[in-house]
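Residue numbers (my numbering), protein chains in the order written: chain A, 252 to 540; chain B, 81 to 397.
In this text, a Cβ means the ideal position worked out from N, Cα and C, and glycines have one as well.
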Amino acid sequence: MLVFFAIHLPGGGDPSMLYLPLHATQEQLDAFRHRMGFDQPVHVQYLRWLSRAVQGDFGTSLRYVKPVFPLILERMPATLELAVAAQIFALVLSFPLGVLAAVHRNSIYDGLTMLGALFGQSMPGFWLGLMLILLFGVVLRILPISGREGPKHLILPAITLGTFFLARDTRLMRSSMLEVLGQEYITTARSKGLNERIIVWRHALKNAMIPLITMVGMDFGALLAGTVVTETVFAWPGVGRLIFMAINQRDFPLIQAAVFLIALIFVVTNLLVDLSYVYLDPRIRLTEG
Amino acid sequence: MQQRAIEAGESEAAVTFPRWETSGRASGARFSPILRSLLQNKIAAIGVFIILGMIFVAIFAPSIAPYELEGEVPIGEQLRRRLKPPAWVEGGTSEFPLGTDSLGRDILTRIIYGSRVSLTVGLTAVFLSGTLGVILGLFSGYVGGLLDDVIMRFADIWLAFPFIILAILFLSVLGPGLDKLIAVLAIGGWVGYARVTRGQVLAVREKEYIDAARVVGASHTRILFHHILPNTMAPIIVISSFAVATTMLAEAALSFLGLGVKPAIPTWGSMLADGRDYLRDAWWLATFPGIAIMITVLGINLFGDWLRDYLDPRLKV
């Protein structure tokens, strides 16, 4: 994974020009390059970066002239808050929507839900964000459209980021539920004369939600990545927007550290998901031994 | 002498014997049932209709669009008609059915031309990443051993990285451009194809007709590309159809962030970025390009759903 940091360094254009006054002399330029280590060959820069990173020193931001690690940590809560809110939004709604669609299969309700899910998966998230801003911020004026000052500010960004996942989770929930409802133990429960509602919401749901739960961890990485666009749309002060601005300003130390951290979170959550499989599905443990 | 006999036998056997089993899916005889199934499924037919419509619009953009892309009127005159609302809104004229943007350019014209970038990027990038992934998957599954380990571990690493961030990094370093955009999106998608192809290869590799081909002396290349590859195509086609949709969405997002093609070329994503700045005063700027993206992607998804059910009924829910 660290390979990628090496790839993006060459050919990146010299950021020095952007951070010195226009009339800077050649000596000033050279001095700046030397101080930042840009005069070194790429692999030396990379190794130097790596050895410092391992010790917790991710370098200094060119733009903010501060250590980058605190800069990123500072914005992490905003990003995590957004990602978690979007995840909750998607999960909480997809459960009832998917289950009801499965129970009333081929009804108008089912058709409308699936149509809505298809639309949700087909629109660009940031466009949905723009449309929400238009509707709730400009026309109705009932919700704030940028910044992060309170729970109300979270609503639109979370919907924007979560809609794709809501649409996909609803489809997944429906198909998973349909599969479970066709199984023998459900027939057994029915033949015992159990209330249909109890069968669906207690017996079937428990097993139908397994595929969805296992998606949660994997999605979390995708949600984090998705925050780059969403945070840009809503001026949400998180890591995604920081990365985007750092890229525009060629603030290499900041980009490297931020991407490294996002990738790290991504890898750790994937690992946790793999471990949770073992916990959720005892069959894996057996085959392992 | 004996060598030559084997070679002769190889080509003959390869054409007549194992192909017999694999080629049924693609032969002309199967074509009309495909068409019939497609037309019977109204939803899939809508999808195909949308896709064909978009391709038509993209190809014949200069004839369909009401205006030329630029340089038709002097810039001063063009600026005087800036931010005109759509025709059905007060203040709009039928000259500009969907209104004009902040530089007085006709939005409908730019949406029509924008379809070119979306379709080109979507189709080319998916084709390239599919080819790359399938080839890697074929070798990984067929050769096995160290090569398999290396490719699959690399695939794991690749997946451990949020792709959109990688794409943003690469494009910000490389600069804007259609070729770079396609290259980055193409590199992004190979893992899915490689994994699926490898799985299919492993499943097919031990089948009797592969042994038969080997017995009659078919070369590895021949076995790989003539006997194994056709049997891996069904899931690959299904993945590709959905990949076109996600690639187009990714292209729109990157263009929106200003990392797509050069600014002079209209794309749906960059039009939305313009529209964002005028959300308060000119809602039509940000509305219509998004609808264009949504309809196109929806069409591809509808078609993909049908394709999956048709090619691989096991996946049907």
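Does any CB atom of chain A fall closer than 9 Å to the CB of residue i?
i	result
Trp270(B)	no
Trp168(B)	no
Gly355(B)	yes
Gly370(B)	yes
Arg360(B)	yes
Ile244(B)	yes
Ser252(B)	yes
Ala325(B)	yes
Trp363(B)	yes
Phe383(B)	no
Tyr390(B)	no
Ala332(B)	yes
Met374(B)	yes
Gly221(B)	no
Ile248(B)	yes
Phe336(B)	yes
Leu352(B)	yes
Gly279(B)	no
Just curious, the alpha helix (DSSP H) that residue i is in, first and last residue?
i	result
Ile319(B)	309-336
Trp238(B)	225-239
Thr421(A)	402-432
Lys585(A)	What the structure shows of chain A is the stretch from 252 to 540, and residue 585(A) is not part of that stretch, so it cannot be assessed.
Val447(B)	A query on residue 447(B) cannot be resolved here, the shown segment of chain B reaching from 81 to 397 and no further.
Asp259(B)	258-268
Glu286(B)	First-last for Glu286(B): undefined, no H or E at that position.
Ala298(B)	Element bounds for Ala298(B): n/a, residue is neither H nor E.
Ile498(A)	490-499
Ala368(A)	359-373
My assumption, with CB atoms under 8 Å, is that residue i sits in contact with residue j. Please give the rounded CB distance.
i	j	result
Leu391(B)	Val318(B)	6 Å
Trp238(B)	Val264(B)	Between Val264(B) and Trp238(B) the Cβ distance is about 13 Å, and since that is not below 8 Å, they are no contact.
Gly370(B)	Met382(A)	7 Å
By Cβ distance below 8 Å, which residues in the same chain neighbour residue i in space, the five residues on each side in sequence not counted?
i	result
Ile126(B)	Gly379, Leu382
Ile437(A)	Val431, Ile450, His454, Ala455
Pro360(A)	Contrary to the premise, residue 360(A) reads as Tyr rather than Pro in this sequence. Hits under 8 Å: Leu351, Ala352.
Ile144(B)	Val137, Ile192
Leu203(B)	Val324
Gly257(B)	Val341, Lys342
Closer than 7 Å by C-beta to residue i: which residues in its own chain qualify, once you throw out the five before and the five after it? Chain order, please.
i	result
Val524(A)	Thr465, Gly468, Met469
Leu183(B)	Gln158, Leu159, Arg162
Ala341(A)	Gly413, Phe416, Leu417, Asp420
Met327(A)	Val490
Would you say residue i faces chain B, with C-beta separation under 9 Å as the test?
i	result
Leu526(A)	no
Leu372(A)	Per the sequence shown, residue 372(A) should be read as Gln rather than Leu. With 9 Å as the cut-off, Gln372(A) counts as an interface residue toward chain B.
Phe377(A)	yes
Thr465(A)	no
Gly349(A)	no
Thr483(A)	yes
Val480(A)	yes
Ile384(A)	yes
Leu456(A)	no
Ala508(A)	no
Ile323(A)	no
Asn499(A)	yes
Ile494(A)	yes
Ala341(A)	no
Ala476(A)	yes
Ala514(A)	yes
Gly413(A)	no
Phe517(A)	yes
Leu381(A)	yes
Which residues in the same chain have their Cβ closer than 6 Å to the Cβ of residue i, if we skip the five residues on either side of it in sequence?
i	result
Met496(A)	none
Ala266(B)	Ala205, Leu208, Ser209
Asp385(B)	none
Glu407(B)	Since the first and last residues shown for chain B are 81 and 397, residue 407(B) lies out of range.
Ile384(A)	Ile396
Ile231(B)	Leu216, Ser220
Output, in chain order, the set of chain E residues within a Cβ distance shorter than 9 Å of residue i.
i	result
Leu378(B)	The structure shown contains no chain E; its protein chains are A and B.
Does the beta carbon of residue i fall short of 8 Å from some heavy atom of the ligand PLP?
i	result
Thr277(B)	Among the components of this structure there are no ligands whatsoever, and the ligand PLP is therefore not found.
Examine the Cβ distances between the segment 388-407 of chain A and the segment 367-377 of chain A and report whether three or more of them are shorter than 8 Å.
-> no
Three-pair Cβ contact test at 8 Å for the segment 347-355 of chain B versus the segment 376-383 of chain A = yes
Using 8 Å as the threshold, is the segment 229-238 of chain B in touch with the segment 327-340 of chain B, meaning 3 or more CB pairs across them?
-> no
Touch test, the segment 304-312 of chain B against the segment 357-376 of chain B, Cβ-Cβ under 8 Å, three pairs minimum | no
Any contact of the segment 180-195 of chain B with the segment 251-258 of chain B, i.e. 3+ C-beta pairs under 8 Å?
-> no
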